[in-house]
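Let me begin by presenting the structure, written as structure tokens, before commenting on it.
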Amino acid sequence: MPVKVAEEWLNICGGCEVSILDIGEPLLDLLPNLEFVHMPVLMDHKYHGQTGEGDPHKIDIPDADVGIISGGIRNEKEKQVALAMRAKCKTVVALGSCACYGGIPALANMWSLTDMCDKVYKDSKSTEKADTPKTDLPPLLDRVYALDEVIKVDLAIPGCPTSSDWIKEALLSLLSGKPFAMPDKSVCDECPTKREKKASGGTIKRPLENMAFKQDAPWEETRCFMEQGYLCLGPVTRAGCAGMSMEAGEAKVPRCIKGYMPCRGCFGPVKKGSNPLVDMMGALSSIGLKADQVSDRRAMLSRYVGGHGMLKPLPAKAPAPVKK
Amino acid sequence: MAETVMEQEQQAEILNPDPVVIAFCCNWCSYTGADLAGTSRLQYPPQIRIIRVMCSGMVHPNLVIDALTKGADGVMICGCHLGDCHYIDGNYKTEKRADAIKLMLEDFGLEPERFRLEWVSASEGPKFAQVMTDMVAALKRLPPSSYKVG
Ligand code: SF4
Ligand code: SF4
Ligand code: SF4
Ligand code: FES
Chain A
1288 MPVKVAEEWL NICGGCEVSI LDIGEPLLDL LPNLEFVHMP VLMDHKYHGQ
1338 TGEGDPHKID IPDADVGIIS GGIRNEKEKQ VALAMRAKCK TVVALGSCAC
1388 YGGIPALANM WSLTDMCDKV YKDSKSTEKA DTPKTDLPPL LDRVYALDEV
1438 IKVDLAIPGC PTSSDWIKEA LLSLLSGKPF AMPDKSVCDE CPTKREKKAS
1488 GGTIKRPLEN MAFKQDAPWE ETRCFMEQGY LCLGPVTRAG CAGMSMEAGE
1538 AKVPRCIKGY MPCRGCFGPV KKGSNPLVDM MGALSSIGLK ADQVSDRRAM
1588 LSRYVGGHGM LKPLPAKAPA PVKK
Chain B
2 MAETVMEQEQ QAEILNPDPV VIAFCCNWCS YTGADLAGTS RLQYPPQIRI
52 IRVMCSGMVH PNLVIDALTK GADGVMICGC HLGDCHYIDG NYKTEKRADA
102 IKLMLEDFGL EPERFRLEWV SASEGPKFAQ VMTDMVAALK RLPPSSYKVG
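First to last, the sequence lines map onto chains A and B. Sequential numbering of the first sequence, starting at 1288, is according to my numbering. Sequential numbering of the second sequence, starting at 2, is according to my numbering.
Structure, rendered in structure tokens:
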């Protein structure tokens, strides 16, 4: 009997759903074993009956063995949908960094809800001032929540977007009942670039400035990007984006590194709960790069992990002591 | 009760009478310095909680930030003077990391007074007592940390 799958997208961009499609041919082999019973991104299915005849207080999601949820939780509707998914699905999978950590949308957690709405809908120069409509819209929550802050999550596959290989692996292990775990390694651990344990200079360069590499030269001839002076979040980011399998004769290379770009940290911290901002500032100063040159530090180094209280409005500073 | 105007003013300045201060002291210099301060019967404030580490160079920024975001009012790292580190260059790393920590205080909305790096050698008992007194005095003039739990 095929495994019943329900899929929901909450506060997201849709990229992680594309990663599901991106599984490619192996997906065709998987499909006979899967039955998608609910998936708003692909199939029209209304929460309160096709013509709204259902109970308006109950979200109608069919029973499923596996519930895949992408996206964090920003508003009341998403919260209710997540709760309904949890009630109907035996196993809940958090798909992508939005679901796992809050993701890019959680950058908004650096401001209070009022400040954020004022900035976007009232104070910005290009906007006609308007109040947020109050009727017929789900109210926003005070901040963006990661999925596991609201419901219990059984299995997390981070990444922005996440990696098709790991979705496939997760589905396979769910089908066969095997346990699933992502590697507890950092992106650096999977990175094939050459390291000399020292930064070449003190200043941090922007990735647009010429990086030294020769396209298609063996990786051993490419110097680690961080050692070249670019901000690469490899040391504080969980490995996984390089995928699982190696094509014959090819090295397993993290996604961005493969494109000659430094890692942005999209798979989240190596250790659950650790703060990539703090760890990265430590790593930068340990290898001799000037940590004060990272622009917009908080956003830049906690880019994908703003849920779980990782990014929050700064506490009001104490008034400076009065000089006598 | 404060009697004179001056005493009242002094009291008004104390916003946090009992700050929690963590001091990471390296085994070879600063901890020995603390020991000397003790055996010399020098007075220093009781709010200091010393954590002995082998070298100041092993105090990663996350330890300091963790302490500050979990209720400490202030954190100090104390190590050997530059050039004197038992492990040769540990404290040069400390110095660089301290710069990063100072930047991060801002990111966590913490006042700059909440972190200090001090070099204290094994023979500097009086200096140890002095820097601890200074640190606690500075923290008393700040309100309790906004991260304080309970
Ligand atoms: S993790 Fe990235 S790709 Fe996936 S939904 Fe969020 S923003 Fe989109
Ligand atoms: S810092 Fe970046 S380029 Fe260097 S080894 Fe790590 S992932 Fe690779
Ligand atoms: S290299 Fe870093 S940013 Fe790029 S996909 Fe991998 S984890 Fe994400
Ligand atoms: S041993 Fe004292 S600073 Fe390294």
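Glycine is no exception: its CB is placed at the ideal position from the N, C-alpha and C atoms.
Applying a beta-carbon distance threshold of less than 7 angstroms, which residues of chain A neighbour R42 (chain B)? Counted from its first residue, the second sequence places residue 42 (chain B) at position 41. Here the premise fails: no neighbours, minimum Cβ distance about 31 angstroms.
Mind checking who Y1432 (chain A) pairs with in its DSSP beta bridge? Taking the first residue of the first sequence as 1, we reach residue 1432 (chain A) at position 145. Looking at the DSSP assignment, Y1432 (chain A) forms a beta bridge with A:I1360.
How about the segment 1471 to 1491 of chain A and the segment 1549 to 1567 of chain A: do they share at least three Cβ pairs that are nearer than 8 angstroms? yes
Alpha carbon to alpha carbon, how far is P47 (chain B) from A38 (chain B)? For this step, residue 47 (chain B) is matched to residue 46 along the second sequence. For this step, residue 38 (chain B) is matched to residue 37 along the second sequence. Each residue's alpha carbon lies about 13 angstroms from the other.
Helix, strand or coil at L83 (chain B) [DSSP, three-state]: Reading the second sequence from its first residue, position 82 is the one you call residue 83 (chain B). Taken through DSSP and simplified to helix, strand or coil, L83 (chain B) comes out as coil.
Within the chosen definition, does the segment 1308 to 1317 of chain A reach the segment 1445 to 1459 of chain A through at least 3 CB pairs nearer than 8 angstroms? These segments touch.
According to DSSP, is K1611 (chain A) part of a helix, a strand, or is it coil? In the first sequence, counting from the first residue as 1, residue 1611 (chain A) sits at position 324. In this prediction, K1611 (chain A) scores a pLDDT of 47, lower than 50, which makes its location untrustworthy; the coordinate-derived value is nonetheless stated afterwards. Looking at K1611 (chain A) - three-state DSSP - the assignment turns out to be coil, as it is neither helix nor strand.
Please report the Cβ distance between M1548 (chain A) and P1470 (chain A), rounded to the nearest whole angstrom; I am assuming they are in contact, meaning their Cβ atoms lie under 8 angstroms. Here residue 1548 (chain A) refers to the residue found at position 261 of the first sequence. Here residue 1470 (chain A) refers to the residue found at position 183 of the first sequence. Going by Cβ atoms, the distance from M1548 (chain A) to P1470 (chain A) rounds to 21 angstroms, so no, they are not a contact pair.
Sort A:I1544, A:V1592, A:V1581, A:K1545 by Cα distance to P1563 (chain A) and report the nearest one. As a first step, residue 1563 (chain A) must be located in the first sequence, where it is residue number 276. Measuring from the Cα of P1563 (chain A), the nearest candidate turns out to be A:V1592.
Give the straight-line distance between the Cα atoms of F129 (chain B) and Q44 (chain B), rounded to the nearest whole angstrom. As a working mapping, residue 129 (chain B) is identified with position 128 in the second sequence. As a working mapping, residue 44 (chain B) is identified with position 43 in the second sequence. Near 10 angstroms, if we compare the C-alpha coordinates of Q44 (chain B) and F129 (chain B).
DSSP on A139 (chain B), reduced to helix/strand/coil? Counting from one through the second sequence, the residue named residue 139 (chain B) turns up at place 138. The answer is helix: DSSP assigns A139 (chain B) an H, G or I state.
Between which two residues does the alpha helix (DSSP H) harbouring C1376 (chain A) extend? Taking the first residue of the first sequence as position 1, residue 1376 (chain A) is located at position 89. Here C1376 (chain A) belongs to no alpha helix (DSSP H); instead the beta strand (DSSP E) covers 1376 to 1382.
Apart from the five residues just before and just after M105 (chain B), which ones in its own chain have a Cβ nearer than 8 angstroms to its Cβ? Numbered from 1 along the second sequence, position 104 holds the residue referred to as residue 105 (chain B). Answer for M105 (chain B): P62, I66, listed in chain order.
With a cut-off of 7 angstroms, does the C-beta of A38 (chain B) fall near any C-beta of chain A? Counted from its first residue, the second sequence places residue 38 (chain B) at position 37. Residue contact check for A38 (chain B) against chain A: no CB pair falls below 7 angstroms.
Rounded to whole angstroms, what's the CA-CA distance from K1611 (chain A) to E14 (chain B)? Just pull it up for me. For the purposes of this step, residue 1611 (chain A) is taken as residue 324 along the first sequence, with counting starting at 1. For the purposes of this step, residue 14 (chain B) is taken as residue 13 along the second sequence, with counting starting at 1. The predicted position of K1611 (chain A) is uncertain, since its pLDDT is 47 and thus under 50; a value taken from the coordinates is nonetheless stated next. Cα-Cα distance, rounded: 10 angstroms.
What does the alpha-carbon distance come out to for the pair P1522 (chain A) and P1479 (chain A)? Your numbering for residue 1522 (chain A) matches position 235 in the first sequence. Your numbering for residue 1479 (chain A) matches position 192 in the first sequence. The alpha-carbon atoms of P1522 (chain A) and P1479 (chain A) are separated by roughly 13 angstroms.
Are G1389 (chain A) and G1594 (chain A) touching if we call contact CB-CB under 7 angstroms? Taking the first sequence and counting its residues from 1, one reaches residue 1389 (chain A) at position 102. Taking the first sequence and counting its residues from 1, one reaches residue 1594 (chain A) at position 307. Contact: yes.
Using 7 angstroms as the limit for Cβ to Cβ distance, is R1525 (chain A) near chain B? To locate residue 1525 (chain A), count along the first sequence from 1; it is residue 238. Cβ-Cβ to chain B under 7 angstroms: no for R1525 (chain A).
With a threshold of 16 other CB atoms inside 10 Å of the CB of S1582 (chain A), please say whether the residue is buried or exposed. Sequence index remark: in the first sequence, residue 1582 (chain A) carries index 295 (1-based). Label assigned to S1582 (chain A): exposed.
Between D1566 (chain A) and chain B, is the shortest Cβ-Cβ distance under 7 angstroms, so that the two count as touching? What you label residue 1566 (chain A) is simply residue 279 of the first sequence in a count that begins at 1. Cβ-Cβ to chain B under 7 angstroms: yes for D1566 (chain A).
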